[in-house]
Structure formats: structure tokens, C-alpha cells
Amino acid sequence: MITVFGILLMAMIAISAVKAITTTKLIDSVLFFSFVGIGATILFALMKAPDVALTEAAVGTGLVTLVFLSTLRRTSEQEHGDEQ
Amino acid sequence: MSSKLGKKRLFISPMHLLWAIVFGGLFFAILPAISGHESIRSERVGESLLVQAPAQSGAPNAVTAVVVWFRGLDTLGEVSVLFLVAAALGMILGRGKNSTEPESKPNEIVAHAKTLVLPHFMLTGLYITIHGHLTPGGGFQGGVMAAGMALLLILAGDRVKHLHALHFLEGLVGSLYALVAISGIWFAGSFLGNLIPIKTEAFGTLFSAGIIPVLYIFIGIKVGTEIISIYDNFQRREEA
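These protein sequence lines are chains A and B, in that order. Position one of the first sequence corresponds to residue 42 (the numbering used here), numbered consecutively onward. Position one of the second sequence corresponds to residue 374 (the numbering used here), numbered consecutively onward.
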């Protein structure tokens, strides 16, 4: 069920999860976090749980990344305005 | 974050390292107990559910049968939790005099791609919602996908014009879910009872599985409208 590809994917998820909290730029942090969602989606699909994979793809990868990015954009706009 | 904080975002301190070692040790101590555990066959719920679900609910997708048919009450609670979240966010973010500005100068690619991607998004979301009892997916996933279409429009510079209609639809669909559930008491003998008789000869077709597709369509609309209103609240900005 869990092949070499799955184990590799798990390792990449773990690495990017650590990178998401240690990286210095917030946008990198969001992108690493969205990679965790993508990896989890593929893992769920490999483990024959398509319902969970669909939910993870729609919410974990799409929606959360979108909300984070738009919030990041709004807040960075405000900080830019404060500095000037 | 500002540049001062940006330089030192390192989360390494001796206490954190100590906790990491402690929790890692605990995890590897517990691990063999989990992986080697074999429960008694008669105590397993999953296998008997997988056998019973298609016959009792008429839905080939056993996950949907469990979520909407066996545990329909939990789903009602879940949808109300989502409503609570949307209401709380609206209370915090949407108060006072606010203005929703369109995203400043949407990219040329975004502006043109929206007309190309939009119908596909919408169709996929609707398909997943309506076929929730046959194929993987359902109201939650399809609702989020169809809401993704609206979020794309907001990103491409459009605005939610009829916010009241959105909120009305959300409330209407939520009440309809409860209404269908309550009318099950009269017509089928239990809360969330099956009003629409399950025809065994129609097993696996679109118009089957009793009230499951009806409820999943309600859930899909409710989830979609709630996500749009949450995102719209995020887009609002208070006038300084």
C-alpha cells in the first residue's frame, strides 16, 4: 500500500512542515504549508481514501492557501503604508 | 512581518529541544502498541458498516452513507458549527462602516482566465455535490469547489453585490435541512428518517438513495455560501 514513493512523500511533507515554521519569509511559509496539503492529498489518494483526499485538496490546499495569501497581501499593504 | 522580526525567526531554544526529545521518545514508546494491535473481529464497526451501508441506505458510496444517513445528526451539528464560525467572523470583521474594495488592478491573466476556468469550476462543484452518493465527494467538497469559483471572481476584481441574498439563501437552506430532518418524524418515524422510499432496482443511479442526495445538495449550498461570506468578510477593510 505504502510504496517507496509514499515514504519519500512523507519525508518531504515532514521537511516542508519544519521549513514552514522556520523560514524567514512569510510567503515561503504559506507555500511550504500548501505543499503539506498537496502531499497529504496524494497520500490519502494512495491509501484509497478519495473522499478525504477531495476534502483535503479543496480545503487544505485551495482554500487555506487562498485565505492566507490574501490576508498576507492585505497586512503587508498596511505595513507598507505605516512605514511611509 | 517587518524586517526586524524577519531576521530572527528561529525557533530553537533548549526548552523546545528538550520537549521535542521527550515527545519523540513517548511517540516511539507508544508506536509498537498501536501498530501491533489487533482488535477482536466482532468489535470492529467499520467492516459491518461497509457491508450494511449500501443495502440500508441505497448509496453505493459507503462514506456518504455513514456521513449523511447513519450520522446525519452529526452533520447537522457540523453545518451549524460552520454557521457559527461565519456568524462570529461577520460579527468581528464586518462591523461598523466598511468598504469592500475590489482587488487593485487584477492581472491580465487573471482577468481573462476567469471566463475560461469559471464554468469548469462550477460544473465540477455541482457534479461532485449531486453525485455525492455515487462517487467520492459530496456536499462539503462540491460546495467548497463551487465557492472557489466565486472566490476567483472576487480575486479578479468583482464584488459580492447581493450579500443579503447570499445570507438569505444560507439561512433558507439550513432551515430546509432541519425541516427535512423533522418531517422524517412524521413520515418515516424517526428524526432524519427516509421520506423518499429506496428503490432497490434504481441502485447506483442518480435518482436513488432516498433523502441522501437532497440533504447533500442542501449541505453543498450552505457550505458554499458560508465560505463566500467568510471570504467576503476577510476582504472588507475598516475605514480609518
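The beta carbon of each residue, even a glycine, is placed where N, CA and C say it ideally should be. For clarity, every value in this text was computed on a predicted model and none was experimentally measured.
Inter-residue spacing [alpha-carbon to alpha-carbon] between residue i and residue j
{"i": "B/Ala523", "j": "B/Phe396", "result": "43 Å"}
{"i": "B/Leu588", "j": "B/Phe401", "result": "43 Å"}
{"i": "B/Val424", "j": "B/Val483", "result": "47 Å"}
{"i": "B/Leu489", "j": "B/Ile465", "result": "35 Å"}
{"i": "B/Asn606", "j": "B/Leu462", "result": "7 Å"}
{"i": "B/Ala459", "j": "B/Ile603", "result": "6 Å"}
{"i": "A/Thr44", "j": "B/Ala538", "result": "49 Å"}
{"i": "A/Ile68", "j": "B/Asn480", "result": "19 Å"}
{"i": "B/Lys377", "j": "B/Ile590", "result": "Any reading at B/Lys377 must be qualified, since the residue scores a pLDDT of 48, below 50, and its modelled position is unreliable; the value itself is stated next. The alpha-carbon atoms of B/Lys377 and B/Ile590 are separated by roughly 49 Å."}
{"i": "A/Thr82", "j": "B/Asp531", "result": "30 Å"}
{"i": "B/Pro570", "j": "B/Val436", "result": "20 Å"}
{"i": "A/Gly80", "j": "A/Met51", "result": "8 Å"}
{"i": "B/Pro387", "j": "A/Lys60", "result": "19 Å"}
{"i": "B/Ser563", "j": "B/His540", "result": "30 Å"}
{"i": "B/Gly557", "j": "B/Gly419", "result": "26 Å"}
{"i": "A/Gln125", "j": "B/His389", "result": "Residue placement at A/Gln125 is poorly supported in this model, since its pLDDT is 43, which falls under 50; the coordinates are not used for a value here."}
{"i": "A/Lys66", "j": "A/Leu110", "result": "13 Å"}
{"i": "B/Gly379", "j": "A/Leu113", "result": "Legend: pLDDT at B/Gly379 = 48, less than 50; position of this residue unreliable, value from coordinates given subsequently. Each residue's alpha carbon lies about 14 Å from the other."}
{"i": "B/Phe494", "j": "A/Ile62", "result": "32 Å"}
{"i": "A/Ser117", "j": "A/Val105", "result": "18 Å"}
CB contact flag (residue i, residue j, <7 Å)
{"i": "B/Gly521", "j": "B/Gly512", "result": "no"}
{"i": "B/Trp442", "j": "B/Ser453", "result": "no"}
{"i": "B/Leu496", "j": "B/Pro433", "result": "no"}
{"i": "A/Val77", "j": "A/Ala58", "result": "yes"}
{"i": "B/Thr598", "j": "B/Leu542", "result": "yes"}
{"i": "B/Leu552", "j": "B/Phe560", "result": "no"}
{"i": "B/Ile501", "j": "B/Gly515", "result": "yes"}
Whole-angstrom C-beta distance between residue j and residue i, which should lie under 8 Å
{"i": "B/Ile601", "j": "B/Val533", "result": "7 Å"}
{"i": "B/Ile594", "j": "B/Val546", "result": "5 Å"}
{"i": "A/Leu95", "j": "B/Gly566", "result": "Incorrect: roughly 28 Å between the Cβ atoms, too far for contact."}
{"i": "B/Leu499", "j": "B/Ala519", "result": "6 Å"}
{"i": "B/Thr448", "j": "B/Ile592", "result": "7 Å"}
{"i": "A/Gly47", "j": "A/Leu107", "result": "Wrong, their Cβ atoms sit about 27 Å apart, outside the cutoff."}
{"i": "B/Leu455", "j": "B/Val596", "result": "7 Å"}
{"i": "B/Val439", "j": "B/Ala428", "result": "B/Val439 to B/Ala428, Cβ: 14 Å. No contact."}
{"i": "A/Phe74", "j": "A/Thr64", "result": "With 8 Å as the limit, A/Phe74 and A/Thr64 do not qualify as a contact, their Cβ atoms being about 10 Å apart."}
* Members of the region 590–609 of chain B near chain A, C-beta cut-off 9 Å -> Ile600, Ile603, Tyr604, Phe607 and Gln608
* **Residues of the region 89–100 of chain A whose Cβ lies closer than 7 Å to any Cβ of chain B, in chain order** => Pro91, Asp92, Leu95, Thr96, Ala99 and Val100
* To do: For the region 521–554 of chain B, enumerate the residues whose C-beta is nearer than 7 Å to any C-beta of chain A, in chain order.
  => Gly521 and Leu524
* **Segments assigned alpha helix (DSSP H), at least 4 residues, entirely inside the region 42–85 of chain A** => 45–63
* Asked: Using Cβ-Cβ distances below 8 Å, what residues of the region 57–74 of chain A are close to chain B?
  -> Ile62, Thr63, Thr64, Thr65, Lys66 and Leu67
* **Segments of 4+ residues assigned as alpha helix (DSSP H) that fall wholly inside the region 388–473 of chain B** => 419–430 and 445–466
* At 4 residues or longer, and completely inside the region 520–591 of chain B: list those alpha helix (DSSP H) runs for me, N to C. => 536–560
* Using a Cβ-Cβ cut-off of less than 9 Å, list which residues of the region 442–472 of chain B approach chain A; keep chain order. => none
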